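J.: Take this structure first; my questions come after.
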């Protein structure tokens, strides 16, 4: 099994800014996939009202080579941060076992 690397992000989005946030998140995710080797991400809304994204990378080294997002994707990052009320530090995870079935 190829292990990979994952990062979990969490935000509190400002009222009335959900569409802006989701669009900026999608733009950043698509650019990271196309230009920096990311494997993609899933955006979720928790029952508590926070937004969470689970992003996958082939390995930690690929993730670390991305650099700072404000230098790479300034417009999307600016739109995302403008929509965010609060955020928490990312959680870095190395998968141990994968039992997730793909959705078809």
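In my numbering, the protein residues as written are 1063 to 1166. Heads up, the beta-carbon is just placed ideally off N, CA and C, and yes, glycines get one too. Because the structure is a prediction, the values reported are computed rather than measured.
(1) Give the single residue among 1069, 1066 and 1074 whose Cα lies nearest to the Cα of residue 1143.
(2) Among 1081, 1145, 1155 and 1163, which residue has its Cα nearest to the Cα of residue 1120?
(3) Which residues share a DSSP beta bridge with residue 1114?
(4) Let me know if residue 1141 comes out buried or exposed under the rule of 16 or more other beta-carbons within 10 Å of its beta-carbon.
(5) On the DSSP letters alone, give me the boundaries of the alpha helix (DSSP H) that residue 1135 sits inside.
(6) What residues in its chain sit with their C-beta under 7 Å from that of residue 1108, if we drop five residues either side in the sequence?
(7) Quick check on this structure: which residue in 1072, 1157, 1125 and 1070 has the alpha carbon closest to the alpha carbon of residue 1097?
(8) Let me check one thing: in DSSP terms, what residues is residue 1155 bridge-paired to?
(9) Quick one: using the 10 Å Cβ neighbour count with 16 as the cut-off for buried, is residue 1088 buried or exposed?
T.: Let me lay it out:
(1) 1074
(2) 1155
(3) 1072 and 1106
(4) buried
(5) Per DSSP, residue 1135 belongs to no alpha helix (DSSP H) and is neither H nor E.
(6) Spatial neighbours of residue 1108 in its own chain (CB-CB distance under 7 Å, excluding positions within 5 residues in sequence) are listed in chain order as 1114.
(7) 1125
(8) 1068
(9) exposed
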